[in-house]
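Enquirer: One structure, pasted below without further comment.
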Amino acid sequence: MSSVSLLSVESLSVSLGERSYPIHVGAGVLASREHLLPYLAGRQVMIVTNEAIAPHYLAALKQTLAGADLEIREVILPDGEATKTLASVERIWDALLAAGFNRHCTLIALGGGVIGDMAGYAAASYQRGVAFIQIPTTLLAQVDSSVGGKTGVNHPRGKNMIGAFWQPRAVIVDIDTLRTLPARELSAGLAEVIKYGLIWDISFLEWLEENLAALRALDESAIRHAIRRSCEIKAEVVAEDETEQGVRALLNLGHTFGHAIEAHQGYGNWLHGEAVGAGMMMATRLSFDRGWLSEADVERVAAILIAADLPVTAPANMQAEDFLSRMRLDKKNLDSRLRLILLEALGRACIRDDTEAEQLHRLLERFPRG
Ligand code: NAD
Ligand code: GLY
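Position one of the sequence shown corresponds to residue 1 (full-length UniProt numbering), numbered consecutively onward.
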């Protein structure tokens, strides 16, 4: 499934027929023309990034594109989850129109999940769809958001409520970019890595338990393995269920609780990965209440989240009712039955819409607050 080039770049594939695309993973791959230029649709290139990332990586990316007879423009947005709005996407559309870019242009998302989701949505909608490439620079984006084609923005009434499925032409993961990432953001990314172990692969979970310290210290071989295995799992799930009719929903473990936390706290105050961490703990506890997990399993999940420096308690300012009203707005639950991703065992997740309201209410009342 994977091949190794002289640059020590490993390439995985997301298999979606004609829309299949590679994920190139390596240290320094941002400087590699051979891993970027073949995926451009034409001469017009719009780089989308933000004020925090541009000083670190924009010049390097432009250097890689230099000399290839391209028309390169950039749009540098403000930073933060609170900017993941339609107004920011409008700025990207404006920049594309002002530059006179046509349907053969390519957007390059250089940044974390916020930039990737917005640039992807701008690409999905500009002139009814143009090419885009993901260059994720956070761990969370490298293992999750850059792969699989979910794009979009938040609405004040709910997270990711406006969006589209639109696949990139390539995902280019330069693990060296993690060296400038704040530790709190690295932990947030680890939440999604741990998620893959919990929902899909018990042996990966065991590997993570042994290697969390190495991951937090950015040990290159540990980081590579974690990104590769996470992307393999995501690619497998997306290839089977691109538009989340079934198995892809398993990737949302903890997200229904987590989205409620993010929205209630105000976007950006709890990081997405932190909210997912607490949400996974809540889903784990509910799975215990349903009789599927042991107390030892619950402790194991808490231990790995704590080792990743992620929260295992819910926000002190959220009552059960706050969760319930937000969770009903989560887009996965727009129909009447609340659908939750739970764990039948560690390493095996399930989609259930049969949690009794009373049982859910009891969990939300009793779950520890931080
Ligand atoms: P983010 O994009 O806000 O990035 C986190 C912070 O790190 C930002 O301040 C950013 O500017 C900064 N940053 C990024 N790369 C950096 C680097 N290399 N060095 C220094 N600073 C850097 O957050 P995120 O955690 O990457 O993404 C979260 C978003 O992703 C959420 O909006 C979430 O909904 C979305 N998401 C989408 C999917 C999907 O499938 N599309 C999946 C999971 C999450
Ligand atoms: N992060 C969930 C998904 O991509 O489906």
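All residues carry an ideal CB built from backbone N, CA and C; glycine is no exception.
Mark Ala357 as exposed unless 16 or more other C-beta atoms lie within 10 angstroms of its C-beta, in which case mark it buried.
Expert: Within the sequence shown, residue 357 is the residue found at index 357, counting from 1. Burial call: exposed.
Enquirer: Run through DSSP, which three-state label would Ile53 get?
Expert: Here residue 53 corresponds to residue number 53 of the sequence shown, with the count starting at 1. Coil.
Enquirer: Near Val4, which residues of its chain fall below 7 angstroms by C-beta distance, leaving aside the five closest residues on each side in sequence?
Expert: Position 4 of the sequence shown, counted from the first residue, corresponds to residue 4. Note that Val4 scores a pLDDT of 44, beneath 50, so its modelled location is shaky; the value from the coordinates is reported in the next line. Same-chain partners within the cutoff: Glu10.
Enquirer: Using only the heavy atoms of ligand 2, determine whether one of them is closer than 7 angstroms to the beta carbon of Gly120.
Expert: The residue you call residue 120 lines up with position 120 of the sequence shown. Gly120: no, Cβ never under 7 angstroms from ligand 2.
Enquirer: Below 8 angstroms between beta carbons: does that hold for Ala60 and Leu212?
Expert: What you label residue 60 is simply residue 60 of the sequence shown in a count that begins at 1. What you label residue 212 is simply residue 212 of the sequence shown in a count that begins at 1. Cβ atoms of Ala60 and Leu212: not closer than 8 angstroms.
Enquirer: For ligand 2, I want to know if residue 382 counts as a neighbour, meaning its beta carbon is within less than 7 angstroms of at least one of the ligand's heavy atoms.
Expert: Residue 382 falls outside the range modelled here, since the chain spans only 1 to 370, and no answer is possible.
Enquirer: Figure out for me which residue from Met46, Ala141, Ser88 and Ala99 has the closest Cα to the Cα of Val25.
Expert: The residue given as residue 25 occupies position 25 in the sequence shown. Ranking Met46, Ala141, Ser88 and Ala99 by Cα distance to Val25 puts Ala141 first.
Enquirer: Is Lys195 near ligand 1, judged by its Cβ being under 7 angstroms from some heavy atom?
Expert: Within the sequence shown, the letter at position 195 stands for residue 195. No, the beta carbon of Lys195 sits no closer than 7 angstroms to any heavy atom of ligand 1.
Enquirer: Rounding to the nearest angstrom, what Cα-Cα distance links Ala82 and Ile194 in this structure?
Expert: Numbered from 1 along the sequence shown, position 82 holds the residue referred to as residue 82. Numbered from 1 along the sequence shown, position 194 holds the residue referred to as residue 194. In a straight line, the C-alpha of Ala82 is about 25 angstroms away from that of Ile194.
Enquirer: Would you say the beta carbon of Asp144 is closer than 7 angstroms to some non-hydrogen atom of ligand 2?
Expert: Within the sequence shown, the letter at position 144 stands for residue 144. Under cutoff, so the answer is yes.
Enquirer: What residue ranges within the segment 97 to 175 form continuous beta strand (DSSP E) runs of no fewer than 3 residues, ordered along the chain?
Expert: Correct list: 106 to 111, 131 to 136, 150 to 155, 158 to 165 and 170 to 174.
Enquirer: For Gly26, which residues does DSSP report across the bridge?
Expert: Within the sequence shown, numbered from 1, the residue matching residue 26 stands at position 26. Looking at the DSSP assignment, Gly26 forms a beta bridge with Asp174.
Enquirer: How is Ala191 classed by DSSP in three states: helix, strand or coil?
Expert: Residue numbering aside, residue 191 sits at position 191 when the sequence shown is read from its first letter. Helix at Ala191.
Enquirer: CB Gln265 to CB Pro315, shorter than 8 angstroms?
Expert: Position 265 of the sequence shown holds residue 265. Position 315 of the sequence shown holds residue 315. Cβ atoms of Gln265 and Pro315: closer than 8 angstroms.
Enquirer: Straight-line CA distance for Glu242 to Leu338?
Expert: Position 242 of the sequence shown holds residue 242. Position 338 of the sequence shown holds residue 338. So the two alpha carbons sit approximately 22 angstroms from each other.
Enquirer: Hey, quick one: how far does the alpha helix (DSSP H) through Arg337 stretch, first residue to last?
Expert: Residue numbering aside, residue 337 sits at position 337 when the sequence shown is read from its first letter. Looking at the DSSP string, Arg337 is not in any alpha helix (DSSP H), and its letter there is neither H nor E.
Enquirer: Just reading off the beta strand (DSSP E) that Arg352 is part of, what are its end residues?
Expert: Mapped onto the sequence shown, residue 352 falls at position 352. It spans Arg348 to Arg352 - the beta strand (DSSP E) in which Arg352 sits, taken as one unbroken run.
Enquirer: Check whether the Cβ atoms of Leu271 and Ala188 sit closer than 8 angstroms, and answer yes or no.
Expert: As a position in the sequence shown, residue 271 is number 271, starting the count at 1. As a position in the sequence shown, residue 188 is number 188, starting the count at 1. The answer is yes: Cβ separation under 8 angstroms.
Enquirer: Quick one: what does DSSP say Ala314 is sitting in, helix, strand or coil?
Expert: The count along the sequence shown starts at 1 and reaches residue 314 at position 314. Three-state result, Ala314: strand.
Enquirer: With a threshold of 7 angstroms, establish whether the CB of Arg248 neighbours any heavy atom of ligand 2.
Expert: What you label residue 248 is simply residue 248 of the sequence shown in a count that begins at 1. It does: the Cβ of Arg248 is within 7 angstroms (strictly closer) of some heavy atom of ligand 2.
Enquirer: Can you grab the Cα-Cα spacing for the pair Phe257 / Gly112, in whole Å?
Expert: Translated into the one-based positions of the sequence shown, residue 257 becomes position 257. Translated into the one-based positions of the sequence shown, residue 112 becomes position 112. Distance between the alpha carbons of Phe257 and Gly112: 22 angstroms.
Enquirer: Short of 7 angstroms in beta carbon distance, which residues of its chain neighbour Asp354, apart from the five on each side in sequence? Order them along the chain.
Expert: Taking the first residue of the sequence shown as 1, we reach residue 354 at position 354. Excluding sequence neighbours, Asp354 sits near nothing in its chain.
Enquirer: Specify, as a first and last residue, the run of the beta strand (DSSP E) that Arg229 falls within.
Expert: Taking the first residue of the sequence shown as position 1, residue 229 is located at position 229. No beta strand (DSSP E) contains Arg229, which is instead part of the alpha helix (DSSP H) from Glu220 to Glu240.
Enquirer: Around the Cβ of Met1, are there at least 16 other Cβ atoms within 10 angstroms (buried) or fewer (exposed)?
Expert: Working through the sequence shown from its first residue, we reach residue 1 at position 1. Low local confidence applies: a pLDDT of 47 at Met1 is under 50, so the model's placement there is unreliable, with the coordinate-based value given in what follows. Exposed: under 16 other Cβ atoms inside 10 Å.
Enquirer: Starting from Gln359, follow its DSSP beta bridges and name the residues at the other end.
Expert: For this step, residue 359 is matched to residue 359 along the sequence shown. Note: Gln359 sits in no beta bridge, so no partner.
Enquirer: From this set, Leu7, Met281, Ala263 and Leu40, which residue's C-alpha is nearest Gln134's C-alpha?
Expert: One-based indexing of the sequence shown puts residue 134 at position 134. Closest option to Gln134, Cα to Cα, is Leu40.
Enquirer: Span of the alpha helix (DSSP H) holding Arg285?
Expert: The residue you call residue 285 lines up with position 285 of the sequence shown. First-last of the alpha helix (DSSP H) with Arg285: His272 to Asp289.
Enquirer: By the DSSP assignment, the beta strand (DSSP E) with Leu12 in it spans what residues?
Expert: As a position in the sequence shown, residue 12 is number 12, starting the count at 1. First-last of the beta strand (DSSP E) with Leu12: Glu10 to Val14.
Enquirer: Does any heavy atom of ligand 2 sit closer than 7 angstroms to the C-beta of Lys159?
Expert: Within the sequence shown, the letter at position 159 stands for residue 159. Every heavy atom of ligand 2 is 7 angstroms or more from the Cβ of Lys159, so no.
Enquirer: Specify, as a first and last residue, the run of the beta strand (DSSP E) that Ala71 falls within.
Expert: The residue you call residue 71 lines up with position 71 of the sequence shown. Checking the displayed sequence, the identity of residue 71 turns out to be Glu instead of Ala. Glu71 -> beta strand (DSSP E) spans Glu71 to Leu77.
Enquirer: Enumerate in chain order the residues of its own chain whose CB-to-CB distance from Ser20 is below 8 angstroms, with the five nearest sequence positions on each side excluded.
Expert: As a working note, residue 20 is residue 20 in the sequence shown. Here the set comprises Ser13 and Val14.
Enquirer: Sorry if obvious, but does the Cβ on Glu188 come closer than 7 angstroms to a heavy atom of ligand 1?
Expert: Counted from its first residue, the sequence shown places residue 188 at position 188. Inspection of the sequence shows that residue 188 is occupied by Ala rather than by Glu. Yes.
Enquirer: Count the other C-beta atoms from every protein chain shown that fall within 10 angstroms of the C-beta of Ile202, then say buried if there are 16 or more, exposed otherwise.
Expert: Counting from one through the sequence shown, the residue named residue 202 turns up at place 202. Under this definition Ile202 is an exposed residue.
Enquirer: With distances taken Cα to Cα, identify the nearest neighbour of Leu97 among Gln127, Ser221 and Gly197.
Expert: Your numbering for residue 97 matches position 97 in the sequence shown. Comparing Cα-Cα distances from Leu97 to each of Gln127, Ser221 and Gly197, the minimum goes to Gln127.
Enquirer: Which one of Pro55, Ala66 and Glu51 has the shortest CA to CA distance from residue 392?
Expert: Residue 392 falls outside the range modelled here, since the chain spans only 1 to 370, and no answer is possible.
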